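For reference, the structure discussed in these notes is given below.
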Amino acid sequence: MFIRKPAAQAAALSTGLIALLFSGLALAKPPKPKPKLLTTAEVIQQSPNSDWRDLDPQNTLAMELPQGQVLIELAPRFAPKHVANIRKLAQQGFYNGLAIVRVQDNFVTQWGDPNGDEPAKARGLGAAAAKLPAEFSIAYRGLPLTRMTETDGWAQVTGFVDGFPVAANPKQNKAWLAHCYGMVGAGRNEAADSSTGAELYAIIGQAPRALDRNITVVGRVLKGMDLLASLPRGGPNMGFYELPEQRVEIKSARLLADIPAEERPALQVLRTDSKSWSQILDARRNRGGWYVHNPGRTELCGGPPPTRPVKAAG
């Protein structure tokens, strides 16, 4: 049996509920507007000087081509023996007069001794080591990693260390440099420990991440990628130039430490442990303006940390 309330009582109750509803709406605070995300250009413009770092002259290689200068930052934390060998080779003038011998479309630009496979003609390594262990990975634990939130198809964890893109497997306690665009590796033969740094390459195409932990990665190009990526492509044999006259001569390759201070390229790199770098990653995740679809994510090889000319003092 249903109990019916008098009409007057029901009307009063409805009026009270409506009044309570409207009073609650009046008291409710409007939602705070979401903070405006800065664009990459705005982040760079507003970044404090403390978010930038100078180049280490002992770990920066300046390679001079007829087309201009290529600047390579070495990664001693990840490949200490190879980097030490590259330093020795550069200080001996080993790379001077060698050549870019291979440009394979969407893959690599490679340089070294054109006679490297002929012992009788190959240039000697001098005081540099002719045999090095493979340096494919290092310990993950304790690594100062600026971690990314996105999942990655090639590794459980990704992020940045010292400006370099890093992938890792925490369970195996291993971390390694990823083969992103602009990364520089040491060419090798069949044996895993057959690289010395005498032959180097730079990635000029889509990131070939299958190479990760299969080749020792020694650094990345900071300046001059446009020069390496725009060279004429080589022939059908994996992009190797077929004729000597197709090769691009390396005029010199020197550590910045061996170049007079007033002649060194004045460049700074954004620190990847800085707030500005985190803001740039957010800007890449949340693209506005021209973009109709906002991806809401970025990736490890989505772009390196930016560089800038050193501001003049005063």
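As numbered in mature numbering (1 follows the signal peptide of the UniProt record, and there is no 0), residues -28 to -1, 1 to 286 make up the sequence shown, in order.
Every residue, glycine too, gets a C-beta built ideally from N, C-alpha and C.
The structure displayed is predicted, hence computed values, not measured ones.
Below 8 Å between beta carbons: does that hold for residue i and residue j?
{"i": "Lys53", "j": "Leu104", "result": "yes"}
{"i": "Arg49", "j": "Asp134", "result": "yes"}
{"i": "Ala158", "j": "Trp148", "result": "no"}
{"i": "Ser248", "j": "Ser109", "result": "no"}
{"i": "Leu61", "j": "Ala13", "result": "no"}
{"i": "Asn31", "j": "Leu9", "result": "no"}
{"i": "residue 307", "j": "Gly206", "result": "In this structure the chain extends from -28 to 286, so residue 307 is not present and cannot be described."}
{"i": "Thr270", "j": "Arg256", "result": "yes"}
{"i": "Leu227", "j": "Ala170", "result": "no"}
{"i": "Leu239", "j": "Leu200", "result": "no"}
{"i": "Pro237", "j": "Ala94", "result": "no"}
{"i": "Asn68", "j": "Ser202", "result": "no"}
{"i": "Gly196", "j": "Phe79", "result": "no"}
{"i": "Cys273", "j": "Pro137", "result": "yes"}
{"i": "Tyr153", "j": "Thr81", "result": "no"}
{"i": "Gly211", "j": "Asp77", "result": "yes"}
So residue i and residue j are in contact, right, with Cβ under 8 Å, and what is the actual spacing, rounded?
{"i": "Ile222", "j": "Trp83", "result": "6 Å"}
{"i": "Val55", "j": "Tyr213", "result": "In fact, because the Cβ distance is near 28 Å, the residues do not count as touching under 8 Å."}
{"i": "Thr168", "j": "Ala102", "result": "6 Å"}
{"i": "Ala141", "j": "Ala127", "result": "Sequence check: residue 141 is Asn here, not Ala. Indeed, because the Cβ distance is near 6 Å, the residues count as touching under 8 Å."}
{"i": "Pro91", "j": "Val220", "result": "Rounded, the Cβ-Cβ distance is 24 Å, inconsistent with contact."}
{"i": "Ala71", "j": "Val189", "result": "About 22 Å separates the two Cβ atoms, so there is no contact after all."}
{"i": "Val15", "j": "Ile252", "result": "5 Å"}
Taking the alpha carbon of residue i as the reference point, which residue from the options has its own alpha carbon closest?
{"i": "Gly191", "options": "Asp28, Asn21, Leu10", "result": "Asp28"}
{"i": "Ile44", "options": "Met155, Thr12, Glu107", "result": "Met155"}
{"i": "Arg181", "options": "Val220, His151, Ile187, Lys195", "result": "His151"}
{"i": "Ala111", "options": "Asp89, Gln144, Pro216", "result": "Gln144"}
{"i": "Asp230", "options": "Phe132, Ile16, Arg59, Pro208", "result": "Arg59"}
{"i": "Arg113", "options": "Glu122, Val129, Val282", "result": "Val129"}
{"i": "Glu234", "options": "Gly65, Pro208, Pro216, Val282", "result": "Val282"}
{"i": "Asn161", "options": "Met210, Glu122, Asp89", "result": "Asp89"}
{"i": "Leu115", "options": "Phe132, Gly40, Asp124", "result": "Phe132"}
{"i": "Glu217", "options": "Pro204, Pro276, Gly261", "result": "Pro204"}
{"i": "Asp254", "options": "Met120, Gln63, Gly65, Gln17", "result": "Met120"}
{"i": "Arg185", "options": "Pro208, Gln64, Lys146, Gly65", "result": "Lys146"}
{"i": "Pro276", "options": "Ala179, Arg259, Gly40, Asn209", "result": "Ala179"}
{"i": "Glu36", "options": "Gly65, Gln17, Thr11", "result": "Gly65"}
{"i": "Thr11", "options": "Gly260, His265, Asn266", "result": "Gly260"}
Can you find a C-beta in chain D that's less than 8 Å from the C-beta of residue i?
{"i": "Thr244", "result": "Protein chains in the displayed structure number just one, and chain D is not present."}
_With three or more beta-carbon pairs closer than 8 Å as the criterion, would you say the stretch 22 to 39 touches the stretch 226 to 243?_
yes
_As an exercise, report each continuous beta strand (DSSP E) stretch of at least 3 residues that is fully enclosed by the stretch 162 to 211, in chain order._
172 to 175, 189 to 195
_Length at least 4, wholly inside the stretch 77 to 161: the alpha helix (DSSP H) runs in chain order_ = none
*Can you list the alpha helix (DSSP H) stretches of 4 or more residues lying completely in the stretch 26 to 65, in chain order?*
52 to 63
*asked:* Which runs of the alpha helix (DSSP H) at least 4 residues long sit entirely within the stretch 228 to 273? Give them in chain order.
replied: 247 to 257
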